[in-house]
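Notes follow the structure.
Number of protein chains: 4
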Amino acid sequence: MTTAEQRTGEGRQRRRRVDAERNVHALLESAKAVFARSGVDAPAREITDAAGLGVGTLYRHFPRRADLILGVLQHEIDACADAALAMRSDEAPYAALRAWVEQYVELVATKRGLAGALHSADPAFEGLHDRVTERLEPAAAALLADAHAAGEITGDVSARELLYAVGLLCQPVPAADFGLAENRRMVEVFVGGLRSG
Amino acid sequence: MTTAEQRTGEGRQRRRRVDAERNVHALLESAKAVFARSGVDAPAREITDAAGLGVGTLYRHFPRRADLILGVLQHEIDACADAALAMRSDEAPYAALRAWVEQYVELVATKRGLAGALHSADPAFEGLHDRVTERLEPAAAALLADAHAAGEITGDVSARELLYAVGLLCQPVPAADFGLAENRRMVEVFVGGLRSG
Amino acid sequence: MTTAEQRTGEGRQRRRRVDAERNVHALLESAKAVFARSGVDAPAREITDAAGLGVGTLYRHFPRRADLILGVLQHEIDACADAALAMRSDEAPYAALRAWVEQYVELVATKRGLAGALHSADPAFEGLHDRVTERLEPAAAALLADAHAAGEITGDVSARELLYAVGLLCQPVPAADFGLAENRRMVEVFVGGLRSG
Amino acid sequence: MTTAEQRTGEGRQRRRRVDAERNVHALLESAKAVFARSGVDAPAREITDAAGLGVGTLYRHFPRRADLILGVLQHEIDACADAALAMRSDEAPYAALRAWVEQYVELVATKRGLAGALHSADPAFEGLHDRVTERLEPAAAALLADAHAAGEITGDVSARELLYAVGLLCQPVPAADFGLAENRRMVEVFVGGLRSG
DNA sequence: CATGAATGAGGCTTCATTCAT
DNA sequence: AATGAATGAAGCCTCATTCAT
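Chains as they are written, first to last, in the numbering used here: chain A, 1 to 197; chain B, 198 to 394; chain C, 395 to 591; chain D, 592 to 788.
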């Protein structure tokens, strides 16, 4: 009996948590889409309507806008950082750097406006910068160091500079037909420039 | 009598025209300063207050925000385009390209947010893109062509790509201590990348 | 079997009743504390969090805010009314009146905002006024009548007036450093004024 | 000509200022009425609708709620303070004190909820407290000192305490049929209490 | 032409209350 | 009976834009 009751209790709690998680997920998905379309400053309503939820729900789970942005990026930032490890052992230093930057481009370029958020001075975005600093910067630094050690690149571009420069190059300019393809090409040129630093 | 009246009329008109021009100038100067400080989306009041004029005056001369931005950039865009000519004859092709890009960086980097405006899909900014296309693109194209002909660069980066890529690299990222100095360094790396395209 | 089932049923019911009472008690205690700190309009969450319960539980037991306020005050109102009886026989009339008012001050002054609720025109607070009328007013009236009969006070201040006047004097004015000590002193002056009415 | 132009200029400015002043006045009148009916926390819309103006106009002239409250009270506070002077010379000390308090009651009692604002700890209301401190407190202090000197009152109730105590006694309690008449009577009792302090 | 007061749409955010589990 | 996630109305405030003077 006691066991059964406890199970029921657990079941209930888990169920609620599952529903809430579904909503959180829906909000993140919706936010990702809306961010890509209208930028990270899009009205909250646009996001909640797309998710089929009330604004209150958004504010419950993501009190500040930065929390939502961070929520959208978190996993991808971590995955990207982890990927660097694999690439270091799989490829020659400069090739690994190139390959990893390509992956980083996917992360940043496919989210219109996130690059913008990344650049905000608003203290609310601290978490975002921290995450980048903690996870992405060491990854980039390691790849740069490898390539340096192998004599494949010169100059003194830091990991931080690389990340933000590539982030900037990944913003689309719709009015000038400057899109993802152009972003990629420009990043390639930039990475090429590291060799002749 | 008639003559006198006409003179009076003319005098007034001329006076007004002169006054109006003074105001337009004051607004452009003020806008340039405010854009640099608070970005191109700064409240209209910030600009008119700094110019010591009323908001109505701003709207009379620059009905849409894009008109004001274009007004601010116009002269500098033209000057920058004209400078290319001088550089072509004065320096070796790649050196000329580098030097001109440096000048272009001054144009874009010193106006926080203008780069952003340059990238907006808002149809209101058409005029801006047109100006860039008409004046800057030919200048950049000529310099690129020279360098290509001299075998100093390879690859197929277009003038338009060069302009927008450099424009993107010129945005500051205050939260990451990524400022004008970094902008310049990153542009250098990018231009270096043109050689190894 | 039947008996066993009934017993189980009763057991559960009793258990629930006991738990529910515990919750009601926890909510009243928490509400008392929160009312004292943040006033009677404090967010429901503040109360439930402090009680370690869900908001739903609060609404089950106290559907309207007034129900909660009444719940908090009920016992104290009754105790205060009962105290009047003891005081009447223990002390000289005016002294008894003073002593009782002091006790009433404790009731009202230590619950920031309750005085305010007491004064609301909101029909939801009817119950509160009723309780005051039914329990406190007769007590105050008796003490006033005694003092009158003894010739220790004059004037025609009614029991109701006394109660509400003292209630008003018991509100703190934080911005003016006007707190409980001042409340007490002002009430003393007021009660002194009854003599010279 | 120059003179005529300047006059026109002045006329225009004055005209605009006059219109704006009319609006400011309308807002203050409306606010006074709304404050009296719904308290000083009434929605901004209620005030602007009653004044026939847009919310923006309210915020232009009274950016913070406290500014509006202060605007409503300012003149009356000053007038009340000035009246004290006349009373000191016209009447016997205690009589003057009584008369002045009666006038103060008119100031506070006829504005439901202003008393509440007077008591807020919100830093936005500093201006209000300051005004009371600067204007009303000296007036009350002088009257109290006179009465003390004349031996007509005893005790050590300060000017500040008098002001806030009377302010508190002037709040109506609609649900208990405790209105302006009762406010006045209770204040009388309180002032009577100063004699027997 | 210049002015700046007025407008009000639009976005943000909080919190009382409901209700599925 | 308890829970707390979800809801959305309601109020706040800003600012682009208009328009009477």
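Beta carbons: idealized from backbone N, C-alpha and C, even for Gly.
| Item | Value |
| --- | --- |
| When DSSP labels each residue in this structure, what does A:PHE62 get in the three-state scheme? | coil |
| Chain B beta carbons: is any one of them nearer than 8 Å to that of A:LEU68? | no |
| When the cut-off is 8 Å and only beta carbons count, does A:ALA141 lie next to chain B? | no |
| Could you tell me which residues DSSP pairs with B:VAL370 in its beta bridges? | B:PHE375 |
| Taking C:VAL594 and D:VAL780 to be in contact with their CB atoms under 8 Å, please state how far apart those CB atoms are, rounded to whole angstroms. | Residue 594 of chain C cannot be examined here, being either before or after the span of chain C that is shown, 395 to 591. |
| Answer with yes or no whether the minimum CB distance from A:TYR104 to chain B is below 8 Å. | no |
| Sorted by chain position, which residues of the same chain lie with C-beta nearer than 8 Å to D:THR599's C-beta, five sequence neighbours on each side aside? | Note that D:THR599 scores a pLDDT of 41, beneath 50, so its modelled location is shaky; the value from the coordinates is reported in the next line. Same-chain partners within the cutoff: there are none. |
| On the three-state DSSP scale, how would you describe B:GLY364? | helix |
| With the cut-off set at 8 Å, would you say B:ALA248 and B:ALA217 are in Cβ contact? | no |
| Let me know if D:GLY784 comes out buried or exposed under the rule of 16 or more other beta-carbons within 10 Å of its beta-carbon. | buried |
| From B:ASP264 to B:GLY324, what distance separates their C-alpha atoms? | 8 Å |
| Please list the terminal residues of the continuous alpha helix (DSSP H) segment that includes D:LEU735. | 728 to 740 |
| Please classify A:PRO138 as buried or exposed, where buried requires at least 16 neighbouring CB atoms within 10 angstroms. | exposed |
| What do you get for D:ASP737, buried or exposed, if any count of 16 or more other CB atoms within 10 angstroms of its CB means buried? | buried |
| For the alpha helix (DSSP H) holding A:GLY127, just list the boundary residues, first then last. | 126 to 131 |
| Among the candidates C:LEU447, C:VAL499 and C:SER483, whose CA atom is the shortest distance from the CA of C:TYR594? | The structure shown does not extend to residue 594 of chain C, since chain C spans only 395 to 591, so no value can be given for it. |
| What's the gap between the Cα of C:LYS426 and the Cα of C:ASN417? | 14 Å |
| Can you tell me whether DSSP reads D:VAL782 as helix, strand or coil? | helix |
| CB-CB under 7 Å to C:ALA478, same chain, minus the five flanking residues each way: which ones, in chain order? | TRP494, ALA533, ALA536 and LEU537 |
| For B:GLU358, would you say it is in contact with chain A, using Cβ-to-Cβ distances shorter than 8 Å as the test? | yes |
| What is the DSSP secondary structure of B:ILE244, reduced to helix, strand or coil? | helix |
| Classify A:ASP82 as helix, strand or coil using the three-state DSSP reduction. | helix |
| Restricting to Cα atoms, I'd like to know which of D:VAL764, D:ARG656 and D:GLU682 is closest to D:PRO634. | D:ARG656 |
| So, using beta-carbon positions, are D:LEU698 and D:GLU667 closer together than 8 Å? | yes |
| With DSSP collapsed to three states, give me the class of C:SER590. | coil |
| Suppose you measure from the CA of A:SER38 to the CA of A:ASP49; what does that come to, to the nearest Å? | 14 Å |
| Please state the DSSP three-state secondary structure of D:ASP658. | helix |
| Check this for me: beta carbons of A:GLY71 and A:PHE62, under 8 Å apart or not? | yes |
| Compare the Cα-Cα distances from A:ALA92 to each of A:PHE35, A:GLY54, A:ALA150 and A:TYR59 and report the closest residue. | A:ALA150 |
| Which residues in chain D sit within 9 Å of C:ARG603, going by Cβ to Cβ distance? | Because chain C spans 395 through 591 in this model, residue 603 of chain C falls outside it and cannot be assessed. |
| How would you list, in chain order, the residues of chain B whose beta-carbon sits under 7 Å from the beta-carbon of A:HIS129? | ALA372 and ALA373 |
| Run through DSSP, which three-state label would D:LEU644 get? | coil |
| Could you have a look at B:ILE274 and say whether DSSP puts it in helix, strand or coil? | helix |
| Whose C-beta lies closer than 8 Å to the C-beta of D:GLN604 among residues of the same chain, with five residues either side of it excluded? | Bear in mind that a pLDDT of 48 at D:GLN604, under 50, signals an unreliable position, so the model cannot answer this. |
| From what residue to what residue does the alpha helix (DSSP H) around C:GLU528 run? | Taken as a continuous stretch (DSSP letters only), C:GLU528 belongs to no alpha helix (DSSP H), as it is neither H nor E. |
| Which chain B residues sit within Cβ distance under 9 Å of A:PHE125? | ALA372 |
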